[in-house]
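Down below is the structure, laid out as structure tokens.
Residue numbers (UniProt numbering): 1 to 367.
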């Protein structure tokens, strides 16, 4: 009874007209006892029933169909259960959710082969200068990738044909018990006509190898034992001869090597064959380069800077980022850090980038 009284007080607080209507609804639906209790609890006489029948309005000019009853006019169609609106199911979570980011489950030790090409000295007739500071890069990457559980092999001062042969030998190895493969190229580079991956690198004899040729040795059709496994390529070489002066940025610190004149570029001018033009960046008839990532030290067409004392900006930064973040971050996140750091260096500007066709997150194994 006390609860009924409180309900009545609430109803009257909300509006005096609501209470009589509520009582009438209770009586018409056969709840006379409840209506009497509420009316009595309020301490007021029983309210007379309120006529709740709908009133049919006729708009001016409207023709009323006399054969249709009021009940039929006011009836509301009831939808079948299968036709009623239903909330969409909540999005799935976990591995079964379409588009959910996954990681490669690395378990092998070593996790894969790492082949480093370090071209420092070039033949005289190639017109290519010695790459002072490249040995510094090579030593850093050897130590770094060994610590990341790779079987590291380094080859120094190879001609273009020798580089090509070693790449094909690596692609023909049985990688079925390994988790990935990694190739590093430290050399002079140039801009080339391309179909898939831009740029090319020089052998010590001054002959070029297109990056796309290097990469395609390891695609799904050429290297079956690496199908569905990540193939990583790190290229420290110029993508062309353009020098990016960027915005008006001076030397940002006393350590800026550009200001001391000790920085060189790995650029060689690009001369396209007569009558040739760049092809589209994708050709449907070529094998899809799945699970491949190519990290370039610079934007295609631009120079890549290398310090004679401390090595190239790209490798120095890459090694430092791997040291600090390889245990906690995936490769793409770390490459963003590399791009950001390198882009702030020097009088002339440089920004690394990558062509990424990985399907999953790549985390290095750390010893």
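We put the CB at the ideal spot given by N, CA and C, even for glycine.
Please read all numbers here as calculations on a predicted model, not as lab measurements.
(request) Using the Cα positions of residue 28 and residue 101, report the straight-line distance between them to the nearest angstrom. (result) Each residue's alpha carbon lies about 60 angstroms from the other.
(message) At the level of alpha carbons, what is the spacing between residue 139 and residue 149?
(response) Approximately 16 angstroms, taken between the alpha carbons.
(request) Taking residue 294 as part of the alpha helix (DSSP H), name the residues at either end of that continuous run. (result) No alpha helix (DSSP H) contains residue 294, which is instead part of the beta strand (DSSP E) from 292 to 296.
(request) Please report the Cβ distance between residue 298 and residue 351, rounded to the nearest whole angstrom; I am assuming they are in contact, meaning their Cβ atoms lie under 8 angstroms. (result) Between the beta-carbon of residue 298 and that of residue 351 there is about 7 angstroms, and that keeps the pair under the 8 angstroms contact cut.
(request) For residue 367, count neighbouring C-beta atoms within 10 Å of its own C-beta (all shown protein chains included) and say buried if the count is 16 or more, exposed if not. (result) With fewer than 16 other Cβ atoms within 10 Å, it is exposed.
(message) Whole angstroms are fine: how far does the CA of residue 23 sit from the CA of residue 30?
(response) If I take the Cα positions, the gap works out to 11 angstroms.
(request) Go to residue 231, then tell me how far its beta strand (DSSP E) extends in each direction, as first and last residue. (result) Unbroken beta strand (DSSP E) run through residue 231: 231 to 236.
(request) Pull up the distance between the alpha-carbon of residue 160 and that of residue 126, whole angstroms please. (result) Distance between the alpha carbons of residue 160 and residue 126 is about 12 angstroms.
(request) Please report how far the alpha carbon of residue 202 lies from the alpha carbon of residue 328, in whole angstroms. (result) The straight-line gap separating the alpha-carbon atoms of residue 202 and residue 328 is approximately 35 angstroms.
(message) Do residue 198 and residue 300 have their beta-carbon atoms positioned less than 7 angstroms apart in this structure?
(response) Against a cut-off of 7 angstroms, the Cβ pair of residue 198 and residue 300 comes out as a contact.
(message) Using 7 angstroms as the threshold, is the C-beta distance between residue 338 and residue 313 below it?
(response) Taking 7 angstroms as the cut-off, the Cβ atoms of residue 338 and residue 313 do not count as close.
(message) Quick check on this structure: which residue in 172, 147, 193 has the alpha carbon closest to the alpha carbon of residue 223?
(response) With distances taken between Cα atoms, residue 223 lies closest to 172.
(message) If you measure between the beta carbons of residue 211 and residue 117, is that distance less than 7 angstroms?
(response) No, these two residues do not count as a Cβ contact at 7 angstroms.
(request) Determine the burial state of residue 255: buried for a count of at least 16 other Cβ atoms within 10 Å of its Cβ, exposed for fewer. (result) At residue 255 the pLDDT is 47, less than 50, meaning the model places this residue with poor confidence and gives no usable figure here.
(request) Throw me the rounded Cβ distance for the residue 130 and residue 188 pair, which I believe falls under 8 angstroms. (result) About 10 angstroms separates the two Cβ atoms, so there is no contact after all.
(message) Taking 7 angstroms as the threshold (C-beta atoms), are residue 332 and residue 291 in contact?
(response) Not closer than 7 angstroms, so no.
(message) Per the DSSP calculation, residue 138 is bridged to which residue(s)?
(response) Paired residues: none, contrary to the question.
(request) Tell me residue 186's beta-bridge partners as DSSP assigns them. (result) Beta-bridge pairing by DSSP links residue 186 to 118, 236.
(message) Let me make sure I understand the geometry here. Which of 311, 344, 362, 175 has the alpha-carbon closest to that of residue 325?
(response) For the residues 311, 344, 362, 175, the minimum Cα distance to residue 325 belongs to 362.
(request) Give the straight-line distance between the Cα atoms of residue 21 and residue 33, rounded to the nearest whole angstrom. (result) One alpha carbon belongs to residue 21, the other to residue 33, and they sit about 16 angstroms apart.
(request) Enumerate in chain order the residues of its own chain whose CB-to-CB distance from residue 225 is below 6 angstroms, with the five nearest sequence positions on each side excluded. (result) Its chain contains 174, 175, 176 as the residues whose beta carbon lies nearer than 6 angstroms to that of residue 225, once the 5 sequence neighbours on both sides are disregarded; these appear in chain order.
(request) Output the boundary residues of the beta strand (DSSP E) element that contains residue 305. (result) Element bounds for residue 305: 305 to 307.
(request) Determine the contact status of residue 106 and residue 365, defining contact as a CB-CB distance below 7 angstroms. (result) Yes, Cβ-Cβ distance for residue 106 and residue 365 is below 7 angstroms.
(message) Given this structure, state the Cα-to-Cα distance separating residue 349 from residue 307, to the nearest angstrom.
(response) If you take the alpha carbons of residue 349 and residue 307, they lie about 14 angstroms apart.
(request) Please determine, among 204, 208, 360, 115, the residue with the shortest C-alpha to C-alpha distance to residue 194. (result) Here the closest residue by C-alpha is 208.
(request) Would you mind sorting residue 294 into buried or exposed? The rule is 16 or more other CB atoms within 10 Å of its CB. (result) It counts as buried.
(request) Give a yes or no on whether the C-beta atoms belonging to residue 353 and residue 137 are separated by under 7 angstroms. (result) Between residue 353 and residue 137, the gap from beta carbon to beta carbon reaches 7 angstroms or more.
(request) Decide if residue 283 is buried, meaning its Cβ has at least 16 other Cβ atoms within 10 Å, or exposed. (result) Low confidence applies here, because residue 283 scores a pLDDT of 30, under 50, leaving its location unreliable and the question unanswered by this model.
(message) Can you find the residues in the same chain that come closer than 6 angstroms, C-beta to C-beta, to residue 183, ignoring five residues on each side of it along the sequence?
(response) Taken in chain order, the residues that qualify are 115, 233.
(request) Name the two residues that bound the continuous alpha helix (DSSP H) containing residue 314. (result) In this chain, the alpha helix (DSSP H) harbouring residue 314 covers 313 to 325.
(request) Counting only the same chain and skipping the five closest in sequence on each side, list residues whose C-beta sits under 6 angstroms from that of residue 345. (result) Close CB contacts of residue 345 within its chain, under the 6 angstroms cut and outside five residues either way in sequence, are with 313 (chain order).
(message) Can you tell me which residues form a DSSP beta bridge with residue 156?
(response) Looking at the DSSP assignment, residue 156 forms a beta bridge with 118.
(message) If you measure between the beta carbons of residue 368 and residue 205, is that distance less than 7 angstroms?
(response) Since the first residue of the chain shown is 1 and the last is 367, residue 368 is not available in this structure.
(message) According to DSSP, is residue 350 part of a helix, a strand, or is it coil?
(response) Here residue 350 carries a coil assignment [DSSP, helix/strand/coil].
(message) Under DSSP, the beta strand (DSSP E) around residue 177 begins and ends at which residues?
(response) Neither: residue 177 is in no beta strand (DSSP E) and is coded neither H nor E.
(message) Just list the residues that DSSP pairs residue 361 with in beta bridges.
(response) As a beta-bridge residue in DSSP terms, residue 361 pairs with 103.
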